[in-house]
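Here's the structure, in structure tokens; my notes come after.
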Amino acid sequence: MRIRHVGVLAVVILPSLLLSACGEKPQADVAPSPAPSSSAFSDPTLAPLEFSADVVLNVMGTVTADNGAKMLLTLMVHASKAATDPDAAAGVSTLSTVCSGELDSGVLSGGAFGIVQVDYLATLVGTTAWPTTIELMVMPTSQGVALASAGDVTQKEVLPAPFEPGSSVPHCKQNAFLSGPGAGTTFVALAGDASDNPPFERWADLPFGFSADSPAGFVGTTAFGGPNLGGVTFSGCGATITALASTLGYPAASWSQQFAKYHCAVGGTTQSFNGT
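For the sequence shown, the numbering used here assigns the number 3 to the initial residue and increments by one for each residue that follows.
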């Protein structure tokens, strides 16, 4: 794949150019120009998308449901921070609350956890209401990490079989979903990330984005998930990678992307793009 440099501080992955799955590092083919102040994939009808100084990755795309409802999707990945860093306090608090009995501030600091904040936004385009039955899985998933969500991004206890007394999934191992327009955040806890040499690079091994595929199972006794059971199509996906990312592990050897009908995601492949 080629990557077009659009500025000193950002790199845009063009949605029409696919990243090699074999892990070949992308090569620049255009000289840098002054850094953009907003994403190249911002909807012109919306306010410009601003990047805070600690953002390493932005992913955007459009998702259309079978009934014609459409949402503009965006996410912002913030650089990993040590659990002891005051700037990670919101993440530590959310993880300690959501993962009560599984993780707390002592475990997070003692295990040299890095905390990655991912902000998600879904904006309805047009007037057709988003179907209440369609939920999009957001990435990263809980595979191999601890996860806690807040706002309109909510975690679901998806069981491998219909509920029976005693069956459960730990809170921190529940994947997170968007069920319609709104904004929310996930905090990803990465054990040892703050003590690695160099530190704070494990985020680059994870995929970030949205998926119509999620592991099949049951919420209570009701079947949930599976391959594109949501009945949606993604289009116009793209990503912006900031210069900060290149100092924090980008690109990882496994860096890839899934800009396809049922996925809008980019990143490392230590997790599958369907959460399994």
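Yeah, the Cβ is synthetic: ideal placement off N, Cα and C, and Gly gets one too.
Small disclaimer: the values here were computed from a predicted structure and weren't measured.
Cβ shell of residue 86 (< 8 Å), same chain only, five flanking positions each side left out
To locate residue 86, count along the sequence shown from 1; it is residue 84. Beyond the five residues adjoining it in sequence on each side, residue 86 comes within less than 8 Å, by CB distance, of 111 and 196 in the same chain, given in chain order.
Span separating the alpha-carbon of residue 156 from that of residue 179
Working through the sequence shown from its first residue, we reach residue 156 at position 154. Working through the sequence shown from its first residue, we reach residue 179 at position 177. Rounded to the nearest angstrom, the two C-alpha atoms are 5 Å apart.
At the level of alpha carbons, what is the spacing between residue 264 and residue 119?
Along the sequence shown, read from residue 1 onward, the residue named residue 264 stands at position 262. Along the sequence shown, read from residue 1 onward, the residue named residue 119 stands at position 117. Distance between the alpha carbons of residue 264 and residue 119 is about 24 Å.
Under the DSSP definition of a beta bridge, which residues are partnered with residue 117?
Taking the sequence shown and counting its residues from 1, one reaches residue 117 at position 115. Within the DSSP secondary-structure output, residue 117 pairs in a beta bridge with 83 and 191.
Check the C-beta distance from residue 190 over to residue 142 and give it rounded, since I have them as a contact under 8 Å.
Within the sequence shown, residue 190 is the residue found at index 188, counting from 1. Within the sequence shown, residue 142 is the residue found at index 140, counting from 1. Contact holds; Cβ gap of about 5 Å.
Using the three-state DSSP reduction, which class does residue 20 fall into: helix, strand or coil?
Translated into the one-based positions of the sequence shown, residue 20 becomes position 18. Reliability fails at residue 20, whose pLDDT of 34 lies under 50, so the model's placement of it is uncertain and no value is given.
At the level of alpha carbons, what is the spacing between residue 212 and residue 182?
If you number the sequence shown from 1, residue 212 lands on position 210. If you number the sequence shown from 1, residue 182 lands on position 180. Distance between the alpha carbons of residue 212 and residue 182: 13 Å.
Nearest to residue 255 (by Cα), restricted to the options 272, 170 and 158
For this step, residue 255 is matched to residue 253 along the sequence shown. Minimum Cα distance to residue 255 is reached at 272.
Evaluate residue 162 with the Cβ neighbour count: other Cβ atoms within 10 Å of its Cβ, from every protein chain shown; 16 or more gives buried, anything less gives exposed.
Against the sequence shown, residue 162 aligns to sequence position 160. Under this definition residue 162 is an exposed residue.
Local Cβ density within 10 Å of residue 52, reported as buried at 16 or more and exposed below that
Here the question's residue 52 lines up with position 50 in the sequence shown. Answer is exposed; the Cβ neighbour count stays below 16.
Residue burial classification, residue 177 (beta-carbon count within 10 angstroms, cutoff 16):
Along the sequence shown, one-based indexing puts residue 177 at 175. Counting every other CB atom within 10 Å of its CB across the protein chains shown gives residue 177 a total of 16 or more, marking it as buried.
Can you tell which of 233, 175 and 225 has its C-alpha closest to the C-alpha of residue 214?
What you label residue 214 is simply residue 212 of the sequence shown in a count that begins at 1. Closest by alpha carbon: 233.
Ordered list of beta strand (DSSP E) runs contained in the segment 116-185, each at least 3 residues
You should have 116-127, 138-141, 148-153, 155-157 and 178-180.
Can you tell me which of the three DSSP states residue 235 falls into?
Your numbering for residue 235 matches position 233 in the sequence shown. For residue 235, the secondary structure class from DSSP, reduced to helix, strand or coil, is strand.
Short Cβ contact (8 Å threshold) for residue 241 with residue 268
As a working mapping, residue 241 is identified with position 239 in the sequence shown. As a working mapping, residue 268 is identified with position 266 in the sequence shown. Contact check for residue 241 against residue 268 passes: the beta carbons are separated by less than 8 Å.
Using the three-state DSSP reduction, which class does residue 98 fall into: helix, strand or coil?
Locating residue 98 in the sequence shown gives position 96, counting from the first residue. If DSSP states are grouped into helix, strand and coil, residue 98 belongs with the helices.
From 174, 187 and 247, residue whose alpha carbon lies closest to that of residue 207:
As a first step, residue 207 must be located in the sequence shown, where it is residue number 205. Selection 174, 187 and 247 evaluated against residue 207 yields 247 as nearest (Cα-Cα).
Leaving out five residues on either side along the sequence, give the residues of the same chain with a beta carbon under 7 Å from the beta carbon of residue 23.
In the sequence shown, counting from the first residue as 1, residue 23 sits at position 21. Confidence at residue 23 is low in this model, with a pLDDT of 30, below 50, so its placement is unreliable and no value can be given for it.
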